[in-house]
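Residue numbers (mature numbering (1 follows the signal peptide of the UniProt record, and there is no 0)): -25 to -1, 1 to 109.
We treat Cβ as the ideally placed atom computed from N, Cα and C, and that holds for glycine.
First the structure, in the form of structure tokens, and then the observations on it.
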């Protein structure tokens, strides 16, 4: 009886762990709206949330909506961004704060990201993409 109770608790613990992992796992490709942002001083935004600094728009960097930013857990990590048949990587340096009007599905990207993805000029400003952790 004691052995079967121990086995049950071990199996139960493993199942709970697997269940929690499945719930909290980020989907492999997440649908998003990519917007364009200036990360440079005087570009209309403040200093970046991750390091309190401004960055060149010629660097492939992004700000993620608050839920994806995860309280800074993604700071300085790279994400893959997919647009049609192209992809590029960009580093997370900022939060697009949903309490200040940012939507929940935003990847706010520098000019360098838009250029790397070869997004046509007519679509610059806002376009649909998918993304994943790199």
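Coarse secondary structure for residue i, derived from DSSP in three states
i: residue 94; result: coil
i: residue 57; result: strand
i: residue 87; result: helix
i: residue -22; result: helix
i: residue 41; result: helix
i: residue 20; result: coil
i: residue 74; result: helix
Whether residue i touches residue j by CB criterion (7 angstroms)
i: residue 32; j: residue 15; result: yes
i: residue 20; j: residue 55; result: no
i: residue 40; j: residue 12; result: no
i: residue 37; j: residue 65; result: yes
i: residue 92; j: residue 61; result: yes
i: residue 42; j: residue 87; result: no
i: residue 7; j: residue 53; result: no
i: residue 82; j: residue 9; result: yes
i: residue 23; j: residue 69; result: yes
Residue span of the beta strand (DSSP E) that contains residue i, given as start and end
i: residue 106; result: 101 to 108
i: residue 80; result: Residue 80 -> no beta strand (DSSP E), and no H or E assigned at all.
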